[in-house]
Amino acid sequence: MLSALKLIVTTIWLLLPAYTPNNFAVLFGGGKPLDFGKTFFDGKRILGDGKTIRGFISGIAGGVAIANVQYVIEKALNFKIFSTLLYIDFLTLSLLLSFGAMSGDAFGSFLKRRIGYKRGDFLPVIDQLMFLFLALAFASLSPSFFKLFDLTRILIAILITPLLHLTTNYIAYKLKLKKVPW
Ligand code: CTP
Ligand code: MG
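In terms of the working numbering, the numbers along the sequence shown are unbroken and rise by one, the last being 231.
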């Protein structure tokens, strides 16, 4: 029981650099859309107004900043997860997790626009997991990924992420930061 809890908490800790970027985008996004307002071959927007350049960049910066706070906390409280890695390897990994998360988020919007869903419409699985899949895919380009992630942790992540995503979005909605509760 205790080890199952430890596994879940460790997995969340490892994925905070991928979980937090979208929240930073909600807080600091706005301005020029990432697709510059352009349409795709189907006449629909490439990504839509919900994906902005400022959101994308602040999301990545926020995710990497959170990772650095985690690294400092590990050093201060003397436990080793990210800090088993050399700082440069840790920085590369956290950048890939955050960049991958924002890219997956944008790719999800790309797919939503293709099937005719408007900005903010709810699309199960894609909304909750596409960011995770690309975060993991990008992070796995770094050799240090395999020092921290194994199949168990990845499976746990796929199971718990939709719940975490829906919970934080509901809180953001209650705080009037998001227009919709999902
Ligand atoms: N956001 C942003 N830039 C990003 C991602 C998000 O500015 N790259 C901001 C937008 O204000 C967006 C909000 O965060 O509306 C919520 O993000 P998300 O739920 O990912 O976007 P949606 O509005 O639901 O749009 P979509 O249907 O394209 O997913
Ligand atoms: Mg949304």
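Cβ coordinates follow ideal geometry from the N, Cα and C atoms, glycine included.
A quick note: this is a predicted structure, and the numbers were derived from the prediction, not measured.
How about the region 177-191 and the region 146-155: do they share at least three Cβ pairs that are nearer than 8 Å?
-> A contact is defined here as three or more CB-CB pairs under 8 Å, and the region 177-191 meets this definition with respect to the region 146-155.
For R168, which beta-bridge partners are listed by DSSP?
-> Within the DSSP bridge table, the entry for R168 names no partner.
Going by the C-beta, is G97 closer than 7 Å to any heavy atom of the ligand CTP?
-> G97 Cβ: within cutoff of the ligand CTP.
What is the DSSP secondary structure of P82, counted as helix, strand or coil?
-> Three-state DSSP puts P82 in a strand.
Quick one: residues in its chain with C-beta nearer than 7 Å to the C-beta of K228, no 5 flanking neighbours on either side, listed in chain order?
-> When the five nearest sequence neighbours on each side are left out, the beta carbons in the same chain lying within less than 7 Å of the beta carbon of K228 are those of G169, in order along the chain.
Which stretch, first to last residue, makes up the alpha helix (DSSP H) that contains F128?
-> No alpha helix (DSSP H) holds F128; DSSP gives it neither H nor E.
On the premise that I57 lies in contact with I209, defined as a C-beta separation below 8 Å, what is that separation, rounded to the nearest angstrom?
-> Indeed they touch by this definition, with Cβ atoms about 6 Å apart.
In the DSSP assignment, what are the bridge partners of T88?
-> Paired residue(s): R94.
Determine the burial state of R163: buried for a count of at least 16 other Cβ atoms within 10 Å of its Cβ, exposed for fewer.
-> R163 should be labelled exposed.
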